[in-house]
Structure formats: C-alpha cells, structure tokens
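Residue numbers (UniProt numbering): 1 to 277.
Contents: one structure, followed by commentary.
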Amino acid sequence: MTNPSPDAALQDTLLRWYDAHARDLPWRRTRDPYAVLVSEIMLQQTQVARVAPRFEAWLERWPDIHALAAATPADVLREWVGLGYNRRALRLRECAQVVARDGWPRDAAGLRGLPGVGPYTAAAVAAFAFGEVVAAVDVNHARVVSRVCALGDAPPRVLAARAQELVPPDRPDAWNHALMDLGATICRARSADCPACPVRAACASAGAVRFAPRPAAGRPAVRFEDTDRYVRGRVIAALAAGDALPGDVGEERLERALAGLAQDGLVVRDGREVRLP
DNA sequence: CTCCAGGGAG
DNA sequence: CTCCCCGGAG
C-alpha cells in the first residue's frame, strides 16, 4: 500500500483513536442481536447514561428473544417506565414476537421491516450484531460525516451515500461506534474541539466548523407540564405503579391523554376502568 | 433553560 | 414535509 486513499487514511486514524478511547458501554460487550436490538431501541432519543442501567436490568429479566416474546404488554411497560417514549416498549415486544416466530432477518433491509425499527436502528443492529458493512447514521454520525466531507446542506441521500462509502469493510461495527463517540465527545453539535480531534488532518471543516443555529427561540414555549406528553407519562407511570390516575391535571386533559394512549395501544379502556394492555 | 444513539402517522 | 411521542441530567 504505497498510496493509500484519503478515505483509507481517515478510517485508519479514526479506528486507531477509537481503539484507544472507546467509551466502555454495556451493549458494546456483546454481539447478541437481541441485546443489541434492546439497546438500540432504548437509545432512540434517550441518553446513554440513562439507558445503561435499564439495559442491564432488562436483559436480566428477559435474557433472550423468546423470554421477551412471552411477556405481556403490561410487563414491558412497567419495566420501561422512566425511559420515555413508551410506544417503543410495545414495538420492542412485537419485534421479539416476530423474531421468535420467523427468526432474525438476515440484513439491515430485513430488519427495517420490524416494528419500531427505522433506517438507523436496522443498520445499527446489522452492523453491531451481524457485522454487515452498513453505515448506521444517527445525528452524531451524520454531523461528523457532513463536517469531515464538507457536505454542508447536501440532501440526506447524498450524505447517506457518502457515509456508506466510508464504512471500512473489515470493521463496520467499530467504525459506526467510533463516529458516534467522536460526535458525542469532540465534534459536538454546538461546539467542536478541533485541536483535539484525531481526524483534523483529514477534515474539510477543521478549525472552521459551522454550527447549526439555535432552534428559533421565538414561539410561546409551553411548559412541559402543560403538554399532553406530560399527562400521558403520568398516566402510564400511575398504572404501572398500581396507583390511581392523576387527579391534578384536569378532567379534559386526562380524557384527551387517555384517548391518545388507547389509540396507541398503551392503555385499555374497559367502561370506566383504565388499565395497562 | 438546553441537550439528547429515531420512528411513525398524517 | 410537519408534528407527535418522554424524561432526567447538566
């Protein structure tokens, strides 16, 4: 290899950095597709620090896909409470039932068909559990590639294609983790420590990173406690704990929350009774 | 107050 | 495309 391509140099540099600085996370110690799927669903819009303990508790309670497939919706919701976005728990259980019946899809395209599994999660499970050479492009991954390759406002399809080109065929799992770590610790959304970045020499934006603007500080900015999400969360938490429905949120708001929760299959309404599914 | 490993319905 | 879903740490 007398004349390595720029991409190869980038890959080598970042993987070397990852080998030395990788965050030690519970789901990185396994290639069990079930454990990987559990972690990826939990990590959807939810921070690493908050997922870690819940991930380990979940695997202790339901060690494999068949155990989870046999659980009731109420069981998984009770275990999920506090993680947020409770519909994820139901989708994860549905995944377990599909896989218990049909087996694991072979690749990212197949995984994409599982409930609650979108482009990112499908690619992540494929790369981390099956070693498929695919880019799992979450916000961190997208931001880093966009900056390193100077893609600016390029359409998502262009970014996805470039991200896919960059995946080193021999270490797709480490590559995806490395980009997430770099985006989480150095190449942040609102700040970038370019001098400390391992790939600064190969980065088109080094020292000149353009940061995304604040999400428009205007607008009423409603308090979280005034949102339907808040009431929905309170209802699920109450039912999971065996408590009465929250009585301090107002009849109209409670009814609206219950209707939405029932629509999403998160509660069952039996006349005046409300319970977990 | 902001920040954060997405997915899905309309 | 827009909007909705959740919660805790810093």
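All C-beta atoms in this analysis are idealised placements derived from N, C-alpha and C, irrespective of residue type, glycine included.
Beta-carbon within less than 7 Å of residue i's beta-carbon, same chain only, minus the 5 sequence neighbours each way: which residues are those?
| i | result |
| --- | --- |
| Arg61 | Glu79 |
| Arg200 | Cys194, Ala206 |
| His177 | Tyr18, Ala22, Arg28 |
| Leu68 | Trp62, Arg93, Ala96 |
| Asn140 | Leu179, Met180, Gly183, Ala184 |
| Asp64 | Tyr34 |
| Gln45 | Tyr85 |
| Cys149 | Arg162, Ala204 |
| Arg54 | Met42, Leu83 |
| Ala89 | Val76, Leu77, Trp80 |
| Leu245 | Val235, Ala238, Leu254, Val274 |
| Glu56 | Pro26 |
Would you mind giving the Cβ-Cβ distance between residue i and residue j, rounded to the nearest angstrom? I have them listed as a contact below 8 Å.
| i | j | result |
| --- | --- | --- |
| residue 295 | Asp12 | What is shown of the chain runs 1 to 277, which leaves residue 295 out entirely. |
| Ala71 | Arg93 | 6 Å |
| Ala262 | Arg269 | 5 Å |
| Gly116 | Arg91 | 3 Å |
| Val231 | Val249 | 5 Å |
| Glu40 | Ala124 | 5 Å |
| Val36 | Trp58 | Between Trp58 and Val36 the Cβ distance is about 13 Å, and since that is not below 8 Å, they are no contact. |
| Ala52 | Leu25 | 7 Å |
| Val137 | Pro169 | Val137 to Pro169, Cβ: 17 Å. No contact. |
| residue 282 | Arg87 | Lying outside 1 to 277, the shown extent of the chain, residue 282 is not represented and no answer is given. |
| Ala189 | Ala212 | 6 Å |
| Ala174 | Leu15 | 6 Å |
| Asp7 | Leu114 | Not really, about 31 Å apart at Cβ, beyond 8 Å. |
| Ala142 | Ala122 | Their Cβ separation, rounded to whole angstroms, is 16 Å, which puts Ala142 and Ala122 out of contact at 8 Å. |
Determine the DSSP secondary structure at residue i, reduced to helix, strand or coil.
| i | result |
| --- | --- |
| Cys187 | strand |
| Arg269 | strand |
| Asn176 | helix |
| Ala124 | helix |
| Arg109 | Residue identity check: residue 109 is Ala in the sequence provided, not Arg. Of the three classes helix, strand and coil, the one that applies to Ala109 here is helix, per DSSP. |
| Ala150 | coil |
| Ala192 | strand |
| Leu239 | helix |
| Thr227 | coil |
| Phe211 | coil |
| Pro119 | helix |
| Gly250 | coil |
| Asp32 | coil |
| Trp27 | helix |
| Ala204 | coil |
| Arg219 | Since pLDDT at Arg219 reaches only 47, below the 50 mark, its modelled position is unreliable, and the value read off the structure follows with that caveat. If DSSP states are grouped into helix, strand and coil, Arg219 belongs with coil. |
| Asp181 | helix |
Which two residues bound the contiguous beta strand (DSSP E) that contains residue i?
| i | result |
| --- | --- |
| Glu273 | 273-275 |
| Val137 | Taken as a continuous stretch (DSSP letters only), Val137 belongs to no beta strand (DSSP E), as it is neither H nor E. |
Near residue i, what residues of its chain come up, given a Cβ to Cβ distance below 8 Å and the 5 sequence neighbours on each side ignored?
| i | result |
| --- | --- |
| Leu151 | Val145, Val158, Leu159, Arg162 |
| Cys197 | Leu182, Ile186, Cys187, Cys203, Ala206 |
| Gly118 | Arg112 |
| Val267 | Val235, Ile236, Leu239, Leu258, Leu261, Val274, Arg275, Leu276, Pro277 |
| Arg256 | Asp228, Val231 |
| Thr30 | Val36 |
| Arg147 | Cys187, Ala192, Cys203, Ala204, Ser205, Val209 |
Terminal residues of the continuous alpha helix (DSSP H) containing residue i?
| i | result |
| --- | --- |
| Pro168 | Looking at the DSSP string, Pro168 is not in any alpha helix (DSSP H), and its letter there is neither H nor E. |
| residue 317 | Residue 317 is absent from the structure shown; the chain starts at 1 and stops at 277. |
For residue i, I'd like the list of residues in its chain whose CB is within less than 6 Å of its CB, leaving aside the five on either flank, ordered along the chain.
| i | result |
| --- | --- |
| Pro105 | Leu111 |
| Ala192 | Val209 |
| Val99 | Ile65 |
| Gln164 | Ala135 |
Give a single yes or no on whether residue i has its beta carbon closer than 6 Å to a heavy atom of the ligand NAP.
| i | result |
| --- | --- |
| Val134 | Because no ligand of any kind appears in the structure shown, any question about the ligand NAP cannot be addressed here. |
Can you list the alpha helix (DSSP H) stretches of 4 or more residues lying completely in the region 36-95, in chain order? 48-61, 65-69, 73-80
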